[in-house]
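Peer 1:
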Amino acid sequence: MDIGTIAAIAGPVIGGMMGNKASKRDAAAQNYATMMNARAYEDARPYIKDMYSGGTDALNNALGIGAYSGSTFAGMNPVAREGFDYMTQFGRDRMGNAQGFMGAGGGFGSNFGRIYDRAAGPTLDNAIGYATSSPQASSLIDAAMRDSTRQLNEQTMPGINMAASGSGNTRSSRAGVAEAIAQRSYDDRRADVGADVYKGLVDRYISSNNSDINNMMNANAGLKNTYGIGFGMGGQIGDMLTKSGNAFQTNQQGFLDAERDAFVRDRDFAMNKYGDYNTKILGRAPQSSNQAPNYNNPYTATMGGAMAGFGLGKGFADMFTKPATGFVDPNTGYYNSFNPTPTVGVSSYY
């Protein structure tokens, strides 16, 4: 067997063996890398399967049970309701009282004006006028002059008259002078007593007037307080009714809110459970990394190596079996052969 034939046979064999071996090594390396990347998933896979199974069972169980359908709002207890009912009725019953108090004390303002006018008036003049024109003044003076009047009329005047009669001249000037002196003394005494009586009446009038003003002020203050009590009762009654109304409204609103919450809970229960399942179970599944496909095929590599080896071997065979013709290219320095072969139809550069 000549060397060309040997080269033609050996090239494909050697090239195929080397390509096959290299392809197997590349495939094994890529498979190992893929296996290492999937190691964490493979280790967690049993637990993940348990999580999927348990999560699915829990979801089905929750959907089967459904949302809580019991009472969620306690509402107003009987004692509280009784108290608020009492406040409501008590407030309504006291409305008339508040109006009555305000009506009774409503005139305190005009009363105060009249009291002021009286206090600002000519109190002393009024007192003097009262003392001098009062029928009580004469009675008091007469009472105070009772002994003096009796002495004048029963002793002094009769004594003067008897003395004049004894002298035989009842119309004597001496007797007239004595009567005039006795009457003047009596009148002076009566004037002094009258002055004291008038002064007492003036003082009594002023004191009585001051007492009346103070009493009227106190009474008017009572009317004012009564009006204030009625006015305050209005606010208190309003607060009672408002608090009771707010309590009942809050109680009713609580029932409405509980019914709305129950409706929303029933409506969204399944959707929320599916969302929880998707987030807590499916959302926690490990993400698979992108793996490059393993294109290393030993058979393809063997065929490619054999073809490359065959071409190399054929080239070697041509070198040993055919004479070379050509020339050295002065531009490149390569040997240019012009001996076309059945496989080389163009110029070859060595």
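My numbering puts the first residue of the sequence shown at 885, with every later residue one more than the last.
Beta carbons: idealized from backbone N, C-alpha and C, even for Gly.
Just so it is clear, the structure is predicted and the values come from calculations on it, not from any experiment.
Select from 1005, 1129 and 1159 the residue whose C-alpha is nearest the C-alpha of residue 970.
Peer 2: Closest by alpha carbon: 1129.
Peer 1: Terminal residues of the continuous alpha helix (DSSP H) containing residue 1012?
Peer 2: 1007-1017 is the span of the alpha helix (DSSP H), which, as asked, contains residue 1012.
Peer 1: Do you know whose CA, among 1124, 1084 and 1143, lies nearest residue 958's CA?
Peer 2: Ranking the options by Cα distance to residue 958, first place goes to 1143.
Peer 1: Give the C-beta separation of residue 1145 and residue 956 to the nearest angstrom, bearing in mind that I take them to be a contact with Cβ-Cβ under 8 Å.
Peer 2: With a Cβ gap of about 7 Å, residue 1145 and residue 956 count as contacting.
Peer 1: Helix, strand or coil for residue 950? Go by DSSP, reduced to three states.
Peer 2: Coil.
Peer 1: Does the separation of the CB atoms of residue 1011 and residue 1089 fall below 8 Å?
Peer 2: Yes.
Peer 1: With burial defined as no fewer than 16 other Cβ atoms inside 10 Å of the residue's Cβ, what is the status of residue 1042: buried or exposed?
Peer 2: That one is exposed.
Peer 1: Pairs of beta-carbons, one from the region 1100-1114 and one from the region 974-990, closer than 8 Å: are there three or more?
Peer 2: Enough Cβ pairs lie closer than 8 Å, so yes.
Peer 1: Which of helix, strand or coil does DSSP assign to residue 1128?
Peer 2: In this structure, residue 1128 counts as helix in the three-state DSSP scheme.
Peer 1: By Cβ distance, which residues of its chain are closer than 8 Å to residue 939, with the 5 residues on each side in sequence left out?
Peer 2: Counting only Cβ-Cβ distances below 8 Å, and skipping sequence neighbours, we find 1161, 1164 and 1165.
Peer 1: Measure how close the beta-carbons of residue 1015 and residue 1086 come, nearest whole angstrom, since I'm counting them as under 8 Å.
Peer 2: Sure, about 5 Å apart at Cβ, within 8 Å.
Peer 1: Residue range of the alpha helix (DSSP H) that residue 1035 falls in?
Peer 2: Run containing residue 1035: 1030-1035, per the alpha helix (DSSP H) assignment.
Peer 1: When you compare only the Cα positions, how much space is there between residue 1136 and residue 1127?
Peer 2: Looking at the two C-alpha atoms, the distance is approximately 14 Å.
Peer 1: Under the three-state reduction of DSSP, which class applies to residue 1223: helix, strand or coil?
Peer 2: Model confidence at residue 1223 stands at a pLDDT of 48, short of 50, so the residue's coordinates are unreliable; what they give is reported in the following sentence. Residue 1223 falls in the coil class under three-state DSSP.
Peer 1: Do residue 964 and residue 1149 have their C-beta atoms closer together than 8 Å?
Peer 2: No; because the gap between Cβ atoms is not below 8 Å, this pair is not in contact.
Peer 1: Leaving out five residues before and five after residue 968 in sequence, what residues of the same chain have Cβ atoms less than 7 Å from its Cβ?
Peer 2: Cβ neighbours of residue 968 beyond the five flanking positions: 1128, 1131 and 1132.
Peer 1: Give the straight-line distance between the Cα atoms of residue 1040 and residue 1009, rounded to the nearest whole angstrom.
Peer 2: The alpha-carbon atoms of residue 1040 and residue 1009 are separated by roughly 39 Å.
Peer 1: Expressed to the nearest angstrom, what Euclidean distance is found between the alpha-carbon atoms of residue 1125 and residue 1119?
Peer 2: Distance between the alpha carbons of residue 1125 and residue 1119: 10 Å.
Peer 1: So, for residue 1023: in the same chain, excluding its five sequence neighbours on each side, which residues have a beta-carbon less than 8 Å away from its beta-carbon?
Peer 2: Contacts found: none.
Peer 1: Determine, using beta carbons only, whether residue 975 and residue 1097 come nearer to each other than 8 Å.
Peer 2: It is not a contact, given that the beta carbons lie outside the stated cut-off.
Peer 1: Compare the Cα-Cα distances from residue 1028 to each of 1075, 948 and 1138 and report the closest residue.
Peer 2: Checked all of 1075, 948 and 1138; the closest Cα to residue 1028 is 1075.
Peer 1: Based on Cα-Cα distance, which residue from 1155, 1112, 1157 and 1038 lies nearest to residue 982?
Peer 2: Looking at the Cα atoms, 1112 is the closest of the given residues.
Peer 1: Near residue 1082, what residues of its chain come up, given a Cβ to Cβ distance below 6 Å and the 5 sequence neighbours on each side ignored?
Peer 2: Correct list, in chain order: 1015.
Peer 1: In angstroms, rounded to a whole number, what distance separates the CA positions of residue 1079 and residue 1072?
Peer 2: Computed Cα separation, rounded: 11 Å.
Peer 1: Between which two residues does the alpha helix (DSSP H) holding residue 965 run?
Peer 2: Element bounds for residue 965: 962-977.
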